[in-house]
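Please read the structure below before turning to the comments.
Number of protein chains: 4
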Amino acid sequence: MTLTSDLADTVATIRAEVAHLHAELPRWGLVVWTAGNVSARVPGHDLLVIKPSGVGYDELTPEAMVVCDLDGNLVDGDHSPSSDTAAHAYVYKHLPEVGGVVHTHSTYATAWAARGEPIPCVLTMMGDEFGGEIPIGPFALIGDDSIGHGIVETLRNHRSSAVLMQNHGPFTIGPTAKAAVKAAVMCEEVARTVHIARQLGEPIPIDPDKIVALYERYQNVYGQPEVTDR
Amino acid sequence: MTLTSDLADTVATIRAEVAHLHAELPRWGLVVWTAGNVSARVPGHDLLVIKPSGVGYDELTPEAMVVCDLDGNLVDGDHSPSSDTAAHAYVYKHLPEVGGVVHTHSTYATAWAARGEPIPCVLTMMGDEFGGEIPIGPFALIGDDSIGHGIVETLRNHRSSAVLMQNHGPFTIGPTAKAAVKAAVMCEEVARTVHIARQLGEPIPIDPDKIVALYERYQNVYGQPEVTDR
Amino acid sequence: MTLTSDLADTVATIRAEVAHLHAELPRWGLVVWTAGNVSARVPGHDLLVIKPSGVGYDELTPEAMVVCDLDGNLVDGDHSPSSDTAAHAYVYKHLPEVGGVVHTHSTYATAWAARGEPIPCVLTMMGDEFGGEIPIGPFALIGDDSIGHGIVETLRNHRSSAVLMQNHGPFTIGPTAKAAVKAAVMCEEVARTVHIARQLGEPIPIDPDKIVALYERYQNVYGQPEVTDR
Amino acid sequence: MTLTSDLADTVATIRAEVAHLHAELPRWGLVVWTAGNVSARVPGHDLLVIKPSGVGYDELTPEAMVVCDLDGNLVDGDHSPSSDTAAHAYVYKHLPEVGGVVHTHSTYATAWAARGEPIPCVLTMMGDEFGGEIPIGPFALIGDDSIGHGIVETLRNHRSSAVLMQNHGPFTIGPTAKAAVKAAVMCEEVARTVHIARQLGEPIPIDPDKIVALYERYQNVYGQPEVTDR
Numbered sequence: 001m002t003l004t005s006d007l008a009d010t011v012a013t014i015r016a017e018v019a020h021l022h023a024e025l026p027r028w029g030l031v032v033w034t035a036g037n038v039s040a041r042v043p044g045h046d047l048l049v050i051k052p053s054g055v056g057y058d059e060l061t062p063e064a065m066v067v068c069d070l071d072g073n074l075v076d077g078d079h080s081p082s083s084d085t086a087a088h089a090y091v092y093k094h095l096p097e098v099g100g101v102v103h104t105h106s107t108y109a110t111a112w113a114a115r116g117e118p119i120p121c122v123l124t125m126m127g128d129e130f131g132g133e134i135p136i137g138p139f140a141l142i143g144d145d146s147i148g149h150g151i152v153e154t155l156r157n158h159r160s161s162a163v164l165m166q167n168h169g170p171f172t173i174g175p176t177a178k179a180a181v182k183a184a185v186m187c188e189e190v191a192r193t194v195h196i197a198r199q200l201g202e203p204i205p206i207d208p209d210k211i212v213a214l215y216e217r218y219q220n221v222y223g224q225p226e227v228t229d230r
Numbered sequence: 001m002t003l004t005s006d007l008a009d010t011v012a013t014i015r016a017e018v019a020h021l022h023a024e025l026p027r028w029g030l031v032v033w034t035a036g037n038v039s040a041r042v043p044g045h046d047l048l049v050i051k052p053s054g055v056g057y058d059e060l061t062p063e064a065m066v067v068c069d070l071d072g073n074l075v076d077g078d079h080s081p082s083s084d085t086a087a088h089a090y091v092y093k094h095l096p097e098v099g100g101v102v103h104t105h106s107t108y109a110t111a112w113a114a115r116g117e118p119i120p121c122v123l124t125m126m127g128d129e130f131g132g133e134i135p136i137g138p139f140a141l142i143g144d145d146s147i148g149h150g151i152v153e154t155l156r157n158h159r160s161s162a163v164l165m166q167n168h169g170p171f172t173i174g175p176t177a178k179a180a181v182k183a184a185v186m187c188e189e190v191a192r193t194v195h196i197a198r199q200l201g202e203p204i205p206i207d208p209d210k211i212v213a214l215y216e217r218y219q220n221v222y223g224q225p226e227v228t229d230r
Numbered sequence: 001m002t003l004t005s006d007l008a009d010t011v012a013t014i015r016a017e018v019a020h021l022h023a024e025l026p027r028w029g030l031v032v033w034t035a036g037n038v039s040a041r042v043p044g045h046d047l048l049v050i051k052p053s054g055v056g057y058d059e060l061t062p063e064a065m066v067v068c069d070l071d072g073n074l075v076d077g078d079h080s081p082s083s084d085t086a087a088h089a090y091v092y093k094h095l096p097e098v099g100g101v102v103h104t105h106s107t108y109a110t111a112w113a114a115r116g117e118p119i120p121c122v123l124t125m126m127g128d129e130f131g132g133e134i135p136i137g138p139f140a141l142i143g144d145d146s147i148g149h150g151i152v153e154t155l156r157n158h159r160s161s162a163v164l165m166q167n168h169g170p171f172t173i174g175p176t177a178k179a180a181v182k183a184a185v186m187c188e189e190v191a192r193t194v195h196i197a198r199q200l201g202e203p204i205p206i207d208p209d210k211i212v213a214l215y216e217r218y219q220n221v222y223g224q225p226e227v228t229d230r
Numbered sequence: 001m002t003l004t005s006d007l008a009d010t011v012a013t014i015r016a017e018v019a020h021l022h023a024e025l026p027r028w029g030l031v032v033w034t035a036g037n038v039s040a041r042v043p044g045h046d047l048l049v050i051k052p053s054g055v056g057y058d059e060l061t062p063e064a065m066v067v068c069d070l071d072g073n074l075v076d077g078d079h080s081p082s083s084d085t086a087a088h089a090y091v092y093k094h095l096p097e098v099g100g101v102v103h104t105h106s107t108y109a110t111a112w113a114a115r116g117e118p119i120p121c122v123l124t125m126m127g128d129e130f131g132g133e134i135p136i137g138p139f140a141l142i143g144d145d146s147i148g149h150g151i152v153e154t155l156r157n158h159r160s161s162a163v164l165m166q167n168h169g170p171f172t173i174g175p176t177a178k179a180a181v182k183a184a185v186m187c188e189e190v191a192r193t194v195h196i197a198r199q200l201g202e203p204i205p206i207d208p209d210k211i212v213a214l215y216e217r218y219q220n221v222y223g224q225p226e227v228t229d230r
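Chains A, B, C and D supply the protein sequences, listed in that same order. Be aware that the first sequence starts at 1, since it is given in the UniProt record's numbering, and climbs by one per residue. Be aware that the second sequence starts at 1, since it is given in the UniProt record's numbering, and climbs by one per residue. Be aware that the third sequence starts at 1, since it is given in the UniProt record's numbering, and climbs by one per residue. Be aware that the fourth sequence starts at 1, since it is given in the UniProt record's numbering, and climbs by one per residue.
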């Protein structure tokens with residue numbers, strides 16, 4: 001398939017953004033080796049841009065990024081797409097408001113996932129970012145729609161932008177790829193902080209009304225007026 | 001409002017210092033993404049210089065810093081002030097000896113805050129820097145004076161330069177912004193070390209008289225004669 | 001011994017690769033000071049290339065690497081070989097499919113080794129990479145064949161590419177040195193994640209059939225077609 | 001006091017070495033802010049070279065290092081000596097075989113010190129480096145000979161090159177300053193690894209005879225023939 005000239009320009013911009021955002025994953029300690037990926041929707045098209053499979057973070061140039069359709073088939077690019085592409089594609093297909101998806105095996109979030117235990121909302125920054133607990137998604141094997149289906153069913157009726165897939169690790173979503181990366185960073189940070197709090201006793205719960213107040217203020221007020229990524 | 005020429009020079013110097021000090025927060029692992037802020041009082045004026053809201057640490061140039069009055073209103077700058085500005089402003093208004101304030105969600109300090117448990121003074125370096133335990137402040141929502149009030153009421157009668165706001169995280173103060181940053185770094189370090197000590201048993205208490213002796217010696221003797229930031 | 005001209009070219013290439021791969025050990029936090037080593041088999045010869053003993057990671061040039069025979073004797077190089085050379089050599093001698101060996105004292109893997117407890121397979125990424133639990137090898141003193149023998153006897157009938165030698169630390173193997181380094185990175189990551197999961201309760205087991213499915217898919221499908229190192 | 005020309009050359013070399021070695025402390029995560037120091041004996045003179053007090057690691061040039069006598073008095077230099085100088089000086093005065101001393105508050109070692117609990121020897125790398133457990137020294141206040149006395153009395157009859165001063169932190173010694181820095185790095189690493197092992201159960205003890213065998217081999221065989229720092 002050849003991309004039209006207009007679309008090629010858009011895709012080139014998104015490839016550069018997705019390549020650039022991958023550098024945030026090792027920067028914040030979310031990944032080892034090649035184990036994590038960022039994707040972005042191509043607005044107005046049934047396409048996404050994602051990391052190639054098994055390529056190191058040092059080699060992730062814009063040109064190395066691949067373009068796939070929303071069934072996960074390769075449309076443009078010199079490499080095989082990430083083996084998690086089907087899950088990303090499923091999310092874009094079923095959650096039209098999502099513009100970016102991130103998957104990592106970040107340590108503390110994955111530890112909660114291994115126990116199948118949601119992270120309780122006991123931090124104001126967790127209320128700000130996630131509006132409540134971070135939920136657990138089902139155990140699902142790679143190879144068909146199971147992972148994507150599990151993500152969508154868990155997040156569809158939830159304020160949280162993160163889901164911990166059981167025995168597997170976190171997936172995060174956002175209106176943009178940058179917002180999804182931020183959610184991945186914050187997910188690991190709250191997973192770590194609540195874990196450490198719990199090691200020496202029980203954290204104090206936050207009143208659910210106050211969690212909602214924190215979430216609504218943060219989503220509407222925080223940041224610079226012109227900034228669209230939360 | 002236009003700053004007078006003299007004041008503009010002073011503010012430019014403080015903007016550079018505050019921008020520079022923000023680099024210490026990621027350097028010592030105290031913050032992720034944009035979640036932490038440093039401010040400094042403008043000496044002799046009812047003004048403070050603080051980080052803009054939601055701007056990444058890589059973009060924190062001196063020019064990006066904003067000037068606010070002690071009610072938290074923007075006086076000079078191209079960005080919105082940090083959403084924590086009201087709390088910083090309240091501290092400067094009510095504690096005239098304070099020249100700098102720092103707020104982070106550093107992991108171990110925030111974990112103690114989530115349990116609402118003060119950090120006991122079981123390390124000589126904690127006696128040196130904090131003169132005793134690090135206390136807990138009340139749960140308070142952002143949006144009015146509650147956070148600032150909680151900080152001031154907790155620290156007013158305490159040797160500690162750090163307070164852990166319940167379910168939220170640490171605020172630290174100092175005679176200068178650099179001293180407040182140092183207190184933030186040391187607060188996280190003692191929060192981590194005492195946490196780890198407690199994981200395998202009970203730390204040995206230090207006699208209160210000896211804590212006072214450590215504190216008084218350190219505050220008066222340590223460092224170079226010409227250095228004013230502790 | 002003088003290397004023939006053809007062999008000298010091959011060895012020069014492998015020396016550069018082994019020197020380069022040593023940089024991955026501090027990069028991923030697997031080693032402190034000089035405590036870890038990577039080796040590669042010289043294909044078609046009873047030779048290996050390994051780190052010299054007690055030399056810092058900053059000084060590991062290709063020229064500093066040493067060539068030994070499969071009894072661990074120095075064949076070419078200006079330094080003494082790593083004190084772990086006998087163990088590496090034993091592995092190459094008895095496991096002909098192995099092209100690379102790595103030894104570290106990475107923190108979490110060594111902690112499991114200190115308790116003599118295998119790491120249970122409760123993470124999908126662990127199924128992918130190791131195909132099941134990571135086993136414990138016997139306690140063995142340095143100085144004769146005991147360590148090499150323990151590694152070979154433990155891994156010979158096991159899917160895992162990593163073994164935790166009791167009270168000592170992990171050894172990993174792979175078809176190439178890069179694959180063995182990847183196994184060392186993943187071994188520490190799963191050791192850390194499962195440790196953290198276990199601190200607050202019991203991880204959920206993964207069905208053994210599903211572990212096999214994950215392993216077989218990953219070993220055959222993952223990565224780029226032209227990439228030989230898994 | 002003016003140094004003679006010969007001595008000035010020797011001291012300049014040692015100043016450069018001590019300044020350089022300070023960079024290893026933040027590199028291996030042993031210190032925050034300015035809290036740690038390295039010293040070296042001036043061979044053949046009752047003098048030592050040490051870090052100045054309260055100066056950041058970025059500013060530690062050779063010229064900033066100070067020279068003191070073995071009572072801790074300043075002999076040469078533009079800054080006040082480290083507030084720990086008296087302890088270093090006492091060690092050099094009473095242990096003539098010591099050529100370097102390091103003091104840090106490294107996190108895990110300090111956590112053992114807070115409980116007053118020696119680190120048991122359950123790792124082969126601990127047998128190699130320390131020849132047994134790392135002992136606890138007494139609680140001692142800064143300001144007189146108590147800290148130095150506690151270090152010397154604890155280490156005088158011990159194979160260990162590290163002592164954990166109760167509620168305070170580790171001091172390490174070595175034939176050279178570099179060896180003492182290595183001991184500080186290894187002390188924190190074994191403190192961390194044994195802590196983590198103990199979190200989920202009891203480590204397996206190593207037979208005392210085997211610990212001695214490890215220690216004797218490592219101290220005599222490891223490293224390059226020409227290398228003097230272990």
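Ideal Cβ positions, reconstructed from N, Cα and C, are used throughout, including at glycine.
Residue-chain proximity (residue i, chain B), Cβ-Cβ < 9 Å
i, result
"T10/D", "no"
"A213/A", "yes"
Start-to-end residues for the alpha helix (DSSP H) that takes in residue i
i, result
"F130/D", "124 to 130"
"V18/D", "5 to 22"
"L155/B", "146 to 155"
Under 8 Å from the C-beta of residue i: neighbouring residues of chain B
i, result
"G201/A", "R115, E117"
Residue span of the beta strand (DSSP E) that contains residue i, given as start and end
i, result
"P170/D", "169 to 174"
"A162/D", "162 to 165"
Residue-chain proximity (residue i, chain C), Cβ-Cβ < 9 Å
i, result
"L3/D", "no"
"V102/A", "no"
Contacts that residue i makes with chain D (C-beta to C-beta distance below 7 Å)
i, result
"Y108/C", "I196"
Proximal residues of chain D, C-beta to C-beta of residue i below 9 Å
i, result
"G72/C", "In chain order: nothing, as chain D lies at least about 13 Å away."
Listed by chain order, chain A residues near residue i by CB distance under 8 Å
i, result
"N167/B", "V122, L123, T124, P203, I204, I206"
"T61/C", "Neighbours of T61/C on chain A: none; closest Cβ ~20 Å, over 8 Å."
"K178/C", "Residues of chain A passing the Cβ test: none, with the nearest at roughly 10 Å."
Interface flag, residue i vs chain A, CB-CB below 9 Å
i, result
"residue 231/B", "As displayed, chain B neither begins before 1 nor continues past 230, which places residue 231/B out of reach and without an answer."
"V38/C", "no"
Contact set between residue i and chain A, taken where Cβ atoms lie within less than 9 Å
i, result
"K51/C", "Residues of chain A passing the Cβ test: none, with the nearest at roughly 21 Å."
Residue i in three-state terms, based on DSSP
i, result
"A40/A", "strand"
"L200/B", "coil"
"A177/B", "helix"
"I206/C", "coil"
"L47/D", "strand"
C-beta neighbour in chain D for residue i, strict 9 Å
i, result
"W28/C", "no"
"V190/C", "no"
Closer than 8 Å at the beta carbon, the chain C residues around residue i
i, result
"T193/D", "H105, T107, T110, A111, A114"
"I142/A", "T124, L214, R217"
Closer than 7 Å at the beta carbon, the chain G residues around residue i
i, result
"A35/B", "You won't find chain G in this structure, because its protein chains are A, B, C and D."
Contacts that residue i makes with chain B (C-beta to C-beta distance below 9 Å)
i, result
"M186/A", "V32, W33, A35"
At 4 residues or longer, and completely inside the stretch 61 to 141 of chain C: list those alpha helix (DSSP H) runs for me, N to C.
Within the stretch 61 to 141 of chain C, the complete alpha helix (DSSP H) runs of at least 4 residues fall at 85 to 94, 107 to 115, 124 to 130.
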